[in-house]
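This report refers to the structure that appears directly beneath it.
In this note's numbering, the protein residues as written are 27 to 176.
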């Protein structure tokens, strides 16, 4: 496993970590994200939402994006000027792109999965998927800190 690369500057803070494509790697992604966000002094509300988003995207990378012998990458980018956090999870399976659940179909009363991206959509301002060369994909979610009115 590679070492984290934290970069904290005057404009943005960035954290990147390669993790094994296992359940343990997904759990570690969540724990590392929370630790890093606490180190950066991110508000608790934003940290809690980011924790859930990281957990879901990392679990999806392990479950749907796993290629034997390949890791997944967690990247956090905090822009204090805009109070926005970007969560990125990159995996090796660019051929499997996530799609939001259709809302016009009757829900399965006993689903075994498939609600994770609905959760991500509810917690993030927006999310999308972009190619991750040479053959992978990156799922990105942008979260904003709550506006506190004085």
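No residue lacks a Cβ here, since even glycine has one placed at the ideal position from N, Cα and C.
Using a 10 Å radius around the Cβ and a threshold of 16 neighbouring Cβ atoms, would you call residue 70 buried or exposed?
The residue in question, residue 70, is exposed, as its Cβ has fewer than 16 Cβ neighbours within 10 Å.
Compute the Euclidean distance between the alpha carbons of residue 37 and residue 121, then round it to the nearest angstrom.
Straight-line measurement puts the Cα of residue 121 at about 35 Å from the Cα of residue 37.
Candidates 56, 43, 150, 119, of which the one nearest residue 158 by Cα
Nearest of 56, 43, 150, 119 to residue 158, Cα basis: 119.
Close-in-space but distant-in-sequence residues of the same chain around residue 92 (CB under 6 Å, 5 per side omitted):
In chain order, 47 place their CB closer than 6 Å to the CB of residue 92, counting only its own chain and leaving out the 5 sequence neighbours on each side.
What are the start and end residues of each continuous beta strand (DSSP E) run of 3 or more residues lying completely inside the segment 64–135, in chain order?
Complete beta strand (DSSP E) runs here, min 3: 98–105, 110–117.
Cβ atoms of residue 104 and residue 113: under 8 Å apart, would you say?
Residue 104 is positioned such that its CB atom lies no closer than 8 Å to that of residue 113.
Using the Cβ count rule (16 or more neighbours within 10 Å means buried), how would you classify residue 156?
So residue 156 ends up on the exposed side.
Residue of 97, 141, 39, 107 minimising C-alpha distance to residue 162
Selected option, being the one with the closest Cα: 97.
With burial defined as no fewer than 16 other Cβ atoms inside 10 Å of the residue's Cβ, what is the status of residue 141: buried or exposed?
Classification for residue 141: exposed.
Excluding the 5 residues flanking residue 180 on each side, which residues of the same chain have their C-beta closer than 8 Å to its C-beta?
Because the chain in this structure spans residues 27 to 176, residue 180 falls outside the shown range and cannot be described.
Going by beta carbon distance, what residues of the same chain come within less than 7 Å of residue 77, once the five residues before and after it are set aside?
Only 56, 59, 60 meet the Cβ criterion.
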